[in-house]
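Each remark here refers to the structure printed beneath this line.
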Amino acid sequence: MKQPDKHPAMIVHERQPFNAEPPLARLRQSFLTPEELFFSRNHGSIPDVDPDGYRLSVGGLVDGSLELSMEDLRERPKSEVTAVVECAGNRRDGLMGVAPIRGETPWGAGAIGNARWAGVPLREVLLEAGVGEGARHAAFVGLDEVEGADGSFNYGGSLPLEKALSPEMLLAYEMNGEPLPREHGFPLRVVAPGYIGARSVKWLSGITLQDAPSDNHYQAREYKLFSPSATEETADLSEGMMLGELQVNAAICEPEDGARLTAGPVSVRGYAIAGGGRRVERVDVSTDGGRVWSQTDLREGTDVPWAWSFWEATLELGPGEHRIVVRALDSSATTQPATAAEVWNFKGYANNSWHGVKVTAR
Ligand code: MTE
């Protein structure tokens with residue numbers, strides 16, 4: 070089977086389905102994440118789609134259904150958005166450090182990337198079909214086949230109609246100025262800025278407007294948040310909160326965890342994102358467990374809606390062991406919880422507790 074074209078430094082969690090993330094120092098090297106370093110999250114096999122035979126169907130509660138070829142889509146107005154895609158499982162490793170999480174990928178803080186996406190605004194296509202009476206959700210389905218307990222099915226998910234009609238929503242056929250790579254959804258994917266990555270459905274084959282969220286396994290039973298007391302054995306998967314908007318979050322990309330450094334000034338760098346389409350206002354770092362914080366310098370991204378922000382600080386580290394932690398604050402003054410224990414859940418989603426690295430200076 071053809072493997073995705075990724076950088077040899079990628080941390081491959083699984084080959085089939087392919088799940089990989091970049092080392093954090095490399096992730097922090099460029100504001101737009103190059104394809105070869107962009108994390109890849111797949112639930113099934115990566116399909117090879119023939120762009121000539123490809124058709125997107127739009128139906129359900131619409132005035133008139135549509136069947137669009139790639140040529141049809143390219144003829145429509147083209148729009149761009151620079152946006153983060155972040156997996157709801159990003160930083161699951163921190164939750165796994167609190168208590169075991171079974172059967173899930175142990176993502177570090179690299180299940181996130183920031184790219185310039187281009188394509189047709191989803192809104193254009195939905196308005197062309199005509200939003201019908203009673204439509205409340207836009208459901209998406211992909212061409213990839215996922216093996217389930219009762220046979221194989223196509224991956225899918227949905228968004229509230231209000232989000233689907235927002236101007237930032239794209240049906241993307243380009244990533245960083247190039248045709249969408251195969252493993253990122255060629256020839257067409259949804260890009261849902263500000264929402265968990267699971268809703269940015271790749272290899273998109275159909276859009277259905279409906280009165281309820283998608284009943285696809287990945288909307289109805291996965292990517293849901295349960296209380297810390299729920300367990301794999303006790304939880305009813307049809308319950309739980311469907312995850313949607315991303316939360317404020319931040320990670321230290323350099324120095325790496327476990328690094329040995331020379332005592333003196335040390336440069337600390339990372340990324341931060343805001344929740345709910347807000348802006349990153351401030352990013353702080355601490356070396357004493359959060360008693361004293363120093364404010365970092367915000368670099369690229371703070372003025373780019375839906376993108377991440379890069380930050381940087383120089384810390385004076387004396388000889389010895391240090392734990393450096395980071396927290397971001399967004400424009401609603403919302404900040405992050407201190408510990409992973411506070412946000413632990415048995416599926417391991419939505420870890421936005423302070424991110425930290427342990428380093429030794431001599
Ligand atoms: N779309 C399809 N068709 N199949 C998938 O497995 N994975 C989702 C989403 N879209 C997925 C999908 C998840 S969980 C995430 S986090 C993002 O794609 C990851 O996008 P990427 O692989 O381009 O980084």
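Per the working numbering: the sequence shown = residues 70 to 431.
Beta carbons: idealized from backbone N, C-alpha and C, even for Gly.
- Remark: the C-beta of Y224 is in contact range of the ligand MTE, defined as less than 7 Å to any heavy atom.
- In the displayed model, E83 falls within a strand according to three-state DSSP.
- The DSSP-derived three-state label of V412 is helix.
- The C-alpha of F100 lies about 38 Å from the C-alpha of S307.
- Three or more pairs of CB atoms, one per stretch, sit closer than 8 Å, so the segment 286 to 301 contacts the segment 213 to 228.
- With the rule of 3 Cβ pairs closer than 8 Å, the segment 375 to 384 does not count as touching the segment 129 to 148.
- The ligand MTE has a heavy atom closer than 7 Å to the beta-carbon of V270.
- Counting along the chain, L306 sits inside no alpha helix (DSSP H), nor does DSSP assign it H or E at all.
- Counting other Cβ atoms within 10 Å of its Cβ, L367 reaches 16 or more and is therefore classed as buried.
- Closest in C-alpha terms to E369, from the list G217, I80 and T151, comes T151.
- When DSSP states are grouped into helix, strand and coil, L142 belongs to the helix group.
- When DSSP assignments are scanned along the segment 227 to 292, the uninterrupted stretches of alpha helix (DSSP H) that are 4 or more residues long and fall wholly within it turn out to be 230 to 233 and 286 to 289.
- For the options G389, A78, M165 and A304, the alpha carbon positioned closest to that of E411 is the one of M165.
- With a threshold of 7 Å, the Cβ atom of R338 does not count as near the ligand MTE, since no heavy atom of the ligand is closer than that.
- Distances from the alpha-carbon of V354 to those of A343, F107, V189 and G339 put G339 closest.
- DSSP places E214 in the strand class (E or B) of the three-state scheme.
- Taken through DSSP and simplified to helix, strand or coil, E173 comes out as coil.
- Note on M238: 16 or more other CB atoms within 10 angstroms of its CB, so buried under the neighbour-count rule.
- Two segments are said to touch when three or more pairs of C-beta atoms, one from each, lie closer than 8 Å; by this definition the segment 370 to 379 touches the segment 341 to 354.
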